[in-house]
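Have a look at the structure below, then the notes.
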Amino acid sequence: MATDILILGGGLAGLAAAAALGKSGQRVRVLEMRGFLGGRATSYPVPQSTEEIIDNCQHILLRCCVNLLDFYKRLGVEDKIEFHREFFFLEPGGRASILKSGMLPAPLHFTGAFLGMQCLTLGDKIGIGKAILAIKTEYKSRRDLDSITMMDWLREKKQSANAIERFWRQVLVSAINEELDAMAAIHGLQVFYLGFLASSNSYEMGIPAVPLAELYDGDVWSRIPGVEIVPRAAVETIQIENGRVSSVTISGGQQLTADIYLSALPFERLATIVPSLVPDGFGHSPITGIHLWFDRPITNLPHATLLDRTMQWMFNKGDGKHIQLVVSASRQLTNMPRQQVIDLAVKELGEFFPAVAGARLEKAHVVKEVRATFAAAPGLESRRPTNKTSIPNLYLAGDWTRSGWPATMEGAVRSGYLAAEAITGQSYCLPDIA
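Residue numbers for the sequence shown follow the working numbering, beginning at 2 and rising by one.
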């Protein structure tokens with residue numbers, strides 16, 4: 002007999018749980034406070050425009066994100082992800098170093114391209130190579146990785162300042178959305194091991210070819226029976242009686258009941274409703290996205306990581322005219338006025354792409370996701386809650402729960418699958434590739 006399950010929150014964690022539970026024959030309702038799905042991984046019309054849709058920030062995945070890819074397959078949208086095999090490391094002035102897989106098997110598949118990277122010295126490369134060998138041996142065996150920062154680990158491995166800034170920081174800060182000196186080493190080693198060492202193609206970068214919201218729009222849910230999406234239904238209270246959830250109240254005062262309740266709310270939101278379910282120590286790390294529209298193409302590269310500057314990544318969103326820049330862990334931009342952010346972005350972009358000097362900026366849009374992810378600080382991993390709570394019919398999901406991954410789209414989907422497993426006893430979550 003199907004169980005009535007009420008999922009609170011239509012971000013990736015809640016949607017992943019709904020997809021898994023719905024496929025298993027459960028009756029699921031997803032409550033989402035906004036009129037669109039995806040949470041922090043979504044899209045919306047450009048302000049003052051009804052036609053152009055932009056993502057709130059560029060979200061990417063790697064082939065090692067096996068559960069996220071499984072979720073896309075469940076929705077039938079896996080063909081809307083375009084994978085790229087080359088990473089472009091750009092220096093000011095425009096010189097490019099390309100990292101891509103070669104003929105050798107993993108973990109040696111980057112050897113040829115890595116040795117040819119002009120942005121690193123020979124000494125940098127030797128040091129990085131030794132650190133990579135250490136990751137392979139320490140990732141699953143070393144027990145203090147959650148108590149030290151990634152910067153502590155890199156200094157222990159005697160990485161040069163240039164290697165840290167031009168290699169480790171470019172890869173890891175963007176992946177985990179935290180600075181190296183504030184990031185628990187356990188997350189840095191995990192992401193690097195799975196993404197760059199586990200297999201010869203696990204590093205390949207997937208970029209959605211459509212606006213993010215299209216990946217979870219109404220039509221895709223017709224593939225999964227038993228799932229009802231309820232938009233504009235903000236959860237206001239969770240009523241607990243005799244040690245169990247009896248109902249939830251949504252905006253407008255309506256009370257809803259179910260057999261099982263799954264909270265996929267962000268931790269800061271849940272803390273205002275049921276404070277006892279959110280442990281101490283959680284904070285946020287921001288991401289800033291800057292959209293720039295020029296009157297002419299300024300590059301033909303699909304994407305690039307930008308070295309030695311505030312702007313970290315460039316994504317070509319439309320024939321070289323629409324450029325999105327991304328800054329992870331962007332605390333230095335949070336309080337900066339919008340126009341200053343735009344001016345800084347255009348100035349730095351021009352240091353990598355000379356065509357910017359002759360182009361006219363037609364419009365710009367800045368997105369500051371102040372609560373983009375939880376801050377992956379040392380010592381936090383043991384405090385991340387599991388999917389089961391002390392309330393028998395209330396479960397948790399969200400990238401902040403103990404998913405086995407940091408705060409990524411893969412971590413969010415894993416948490417949703419793990420919550421579905423806790424509810425049904427069935428298996429949904431796929432193991433990591435290594």
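Don't be surprised by glycine CBs; every beta carbon is placed ideally from N, CA and C.
I'd like to confirm the pairing. Which residues does DSSP put opposite residue i in its beta bridges?
i: H304; result: F316
i: T289; result: V328, K369
i: I99; result: F89
i: D5; result: R28
i: Y45; result: I55
i: M206; result: L63, H85
i: Q240; result: S248
i: K364; result: W294
i: A185; result: T150
i: Q171; result: Looking at the DSSP assignment, Q171 forms no beta bridge with any residue, so it has no partner.
i: I424; result: According to DSSP, I424 bridges with nothing at all.
Can you say whether residue i is buried or exposed, counting buried as having 16 or more other CB atoms within 10 angstroms of its CB?
i: E157; result: exposed
i: F84; result: exposed
i: S252; result: exposed
i: Q240; result: exposed
i: L116; result: exposed
i: A377; result: buried
i: D400; result: buried
i: E1; result: No answer is possible for residue 1: it lies beyond the span of the chain, which begins at 2 and ends at 435.
i: P287; result: buried
i: Q171; result: buried
i: T150; result: buried
i: R75; result: buried
i: R132; result: Checking the sequence shown, residue 132 turns out to be Ala, not Arg. The residue is buried, with at least 16 neighbouring Cβ atoms inside 10 Å.
How many Å lie between residue i and residue j at the Cα?
i: C430; j: T387; result: 14 angstroms
i: I249; j: T238; result: Before going on, a small fix: residue 249 reads as Val here, not Ile. Cα-Cα distance, rounded: 6 angstroms.
i: R245; j: I8; result: 16 angstroms
i: D309; j: P93; result: 8 angstroms
i: D56; j: W169; result: 26 angstroms
i: L444; j: G412; result: The structure shown does not extend to residue 444, since the chain spans only 2 to 435, so no value can be given for it.
i: Q160; j: G103; result: 25 angstroms
i: A18; j: P209; result: 21 angstroms
i: Q256; j: L32; result: 12 angstroms
i: M337; j: L345; result: 10 angstroms
i: M2; j: S44; result: Note that M2 scores a pLDDT of 49, beneath 50, so its modelled location is shaky; the value from the coordinates is reported in the next line. In a straight line, the C-alpha of M2 is about 37 angstroms away from that of S44.
i: K364; j: W294; result: 5 angstroms
i: Q27; j: T425; result: 9 angstroms
i: M152; j: G23; result: 43 angstroms
i: F268; j: G124; result: 43 angstroms
i: R391; j: E242; result: For clarity, residue 391 is Ser in the given sequence; the question names Arg instead. One C-alpha to the other measures close to 13 angstroms.
i: A435; j: T300; result: 37 angstroms
i: T138; j: R167; result: 24 angstroms
i: N163; j: C120; result: 9 angstroms
i: S247; j: S277; result: 17 angstroms
i: F283; j: F375; result: 7 angstroms
i: V279; j: R144; result: 25 angstroms
i: D218; j: L16; result: 11 angstroms
Under 6 angstroms Cβ to Cβ from residue i, same chain only, skipping five residues before and after it: list those, please.
i: Y140; result: L190, Y194
i: T289; result: V328, S331, L334, K369
i: A420; result: A18, L263, N388, Y396, A398
i: M118; result: S98
i: E352; result: P93
Would you mind stating whether residue i and residue j have Cβ atoms separated by less than 8 angstroms?
i: A107; j: L173; result: no
i: S203; j: R64; result: yes
i: V371; j: H292; result: no
i: L362; j: L326; result: no
i: G10; j: A373; result: no
i: I324; j: M206; result: no
i: L146; j: A183; result: no
i: G39; j: A214; result: yes
i: A360; j: R297; result: yes
i: A305; j: L91; result: yes
i: D260; j: D5; result: yes
i: L105; j: F88; result: no
i: R41; j: G12; result: yes
i: P303; j: R35; result: no
i: A20; j: I225; result: yes
i: Q313; j: S201; result: no
i: C58; j: M410; result: no
Leaving aside the five residues before and after residue i along the sequence, list all residues of the same chain whose C-beta is less than 7 angstroms from its C-beta, in chain order.
i: A423; result: N388, K389, Y396
i: S25; result: T425, Q427
i: R385; result: W401, T402, R403
i: I380; result: Note that residue 380 corresponds to Gly in the displayed sequence, not to Ile. So the qualifying residues of the chain are D147, S148.
i: I177; result: M184, H188, G189, V192, A377, P407
Under 8 angstroms Cβ to Cβ from residue i, same chain only, skipping five residues before and after it: list those, please.
i: K81; result: Y73, P209, A210, V211, E215, L216
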